[in-house]
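A.B. asks:
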Amino acid sequence: MIKNILLLVFLGGLIAKNNTVNTVLHFDILHKNKVVGNLQATKTIEDGLTTYHSFTHIQAKILTTINVKYTYNVVFNNKELNKADVSIMLNNKVYAETSTERSNKEYKITKNKKVSTFKEPITFTTVQLYFTEPLHITACYSEQDAAMNTLVYLGNHKYKKVNAKGNENIYTYKNGVLYEASIDGGLINFTMKIKD
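Next up, the structure:
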C-alpha cells in the first residue's frame, strides 16, 4: 500500500513537471558585422503564468570600450502583463531601471525612481517579439521605456517597431520566431541574429 502511494506521488510529480513548457532562444549581437555580444531569451509556461527572461551582454569599442547588460524579467497572467522589470547596466553601473506592475485595473510604473500609472490593458510587450511573430498586432508595450510602441507590418514577415522617440527597429521572422533584427539600442545600434 505504501509503495503504491509513493508511486502515485512520484508519478504525480512527473506529470506536474511535464506541464511546464520551456523555450530558449540564443542570438548573436553584431556591430558592424562583428559579434560583440549575445542574447539569451527564455519563455516558461507554467500554471497559467508565462514568464519571459532575457539577458543581453554587449561589449564593444566605439570611442571607448562599453560594457552593456540588459536584463528583462516579464510575467504574464492569463495573457495580460502582470509584472515587468528591466535593468540596464553600463560599465557595471546602473544606467536605467524600469518596473511595471499590475495593480487592479492599472499599472504602477517606476522608471528611474519616478512613479506613474498606465491605465490600459497590456497584452503584448517587446520581449514577446523574440518568440512570436506579431501577426495582426499594431502596438506593443516597451518594458524599458514604459510606453506603447507602434508596430508596422512591412511584408514578407518583416515588421518595424517605432518607439516614442521615433527610433525604429526592424524585425524579421522565420517560422513564426524572430530570425534577425536591426536594433536602435539607445547606447549602441546593433543587429541580432538567431544562432542555429
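The UniProt record's numbering numbers the first residue of the sequence shown as 1 and each following residue consecutively.
We put the CB at the ideal spot given by N, CA and C, even for glycine.
All of these numbers come straight from a predicted model, not from anything done at the bench.
1. Express the C-alpha separation of K193 and S54 in angstroms, rounding to a whole number.
2. If you draw a straight line from the alpha carbon of Q40 to that of L25, how long is it in whole angstroms?
3. Have a look at N78 and L49 and give me their C-alpha separation to the nearest angstrom.
4. Using only CA atoms, which one of H57, T98, V68 lies nearest to N91?
5. Buried or exposed: E143, going by 16 or more other Cβ atoms within 10 Å of its Cβ?
6. For Q40, name the three-state secondary structure that DSSP assigns.
7. Tell me whether N19 is buried or exposed, calling it buried when 16 or more other Cβ atoms sit within 10 Å of its Cβ.
8. How many Å lie between K165 and K43 at the Cα?
9. List the whole-angstrom C-beta distance separating K111 from A146, where the pair is believed to meet the contact cut-off of C-beta under 8 angstroms.
10. Please name the residue, chosen from N175, L81, E120, A139, that lies closest to N156 on a Cα-to-Cα basis.
11. Using a 10 Å radius around the Cβ and a threshold of 16 neighbouring Cβ atoms, would you call K3 buried or exposed?
12. Of all the beta strand (DSSP E) runs that stay within the bounds of the segment 167-196, which reach a length of 3 or more residues?
13. Classify Q128 as helix, strand or coil using the three-state DSSP reduction.
14. Between which residues of its own chain and I183 is the CB-CB distance below 8 angstroms, once the five residues before and five after are set aside?
15. For A96, write down the residues that DSSP places opposite it in a beta bridge.
16. Which residues in the same chain as V127 place their Cβ atom closer than 6 angstroms to its Cβ, once the five residues preceding and following it in sequence are excluded?
C.D. replies: Checking against the coordinates, here is how it stands:
1. Numbered from 1 along the sequence shown, position 54 holds the residue referred to as residue 54. Numbered from 1 along the sequence shown, position 193 holds the residue referred to as residue 193. For S54 and K193, the distance between alpha carbons rounds to 15 angstroms.
2. In the sequence shown, the residue the question calls residue 40 occupies position 40. In the sequence shown, the residue the question calls residue 25 occupies position 25. For Q40 and L25, the distance between alpha carbons rounds to 6 angstroms.
3. To locate residue 78, count along the sequence shown from 1; it is residue 78. To locate residue 49, count along the sequence shown from 1; it is residue 49. Each residue's Cα considered, the two are about 7 angstroms apart.
4. Position 91 of the sequence shown, counted from the start, is the residue given in the question as residue 91. Nearest to N91 by alpha-carbon distance, out of H57, T98, V68, is V68.
5. To locate residue 143, count along the sequence shown from 1; it is residue 143. Result: buried.
6. Within the sequence shown, numbered from 1, the residue matching residue 40 stands at position 40. Strand, per DSSP.
7. One-based indexing of the sequence shown puts residue 19 at position 19. N19 comes out exposed.
8. Residue numbering aside, residue 165 sits at position 165 when the sequence shown is read from its first letter. Residue numbering aside, residue 43 sits at position 43 when the sequence shown is read from its first letter. Rounded to whole angstroms, K165 to K43 spans 28 angstroms at the Cα level.
9. Position 111 of the sequence shown holds residue 111. Position 146 of the sequence shown holds residue 146. Contact holds; Cβ gap of about 5 angstroms.
10. Translated into positions along the sequence shown, residue 156 becomes position 156. That would be N175, whose Cα lies nearest to the Cα of N156.
11. Taking the sequence shown and counting its residues from 1, one reaches residue 3 at position 3. Residue placement at K3 is flagged as unreliable, the pLDDT there being 45, under the threshold of 50; the coordinate-derived value follows with that caveat. Burial call: exposed.
12. 168-174, 177-184, 189-194, all fully within the segment 167-196.
13. Here residue 128 refers to the residue found at position 128 of the sequence shown. Three-state DSSP puts Q128 in a helix.
14. Stepping through the sequence shown from its first residue, residue 183 is reached at position 183. Excluding sequence neighbours, I183 sits near N169, N189, F190, T191, M192.
15. By one-based count along the sequence shown, residue 96 stands at place 96. Note: A96 sits in a beta bridge opposite I88.
16. Residue numbering aside, residue 127 sits at position 127 when the sequence shown is read from its first letter. Around V127: Y52, S54, Y72, V74.
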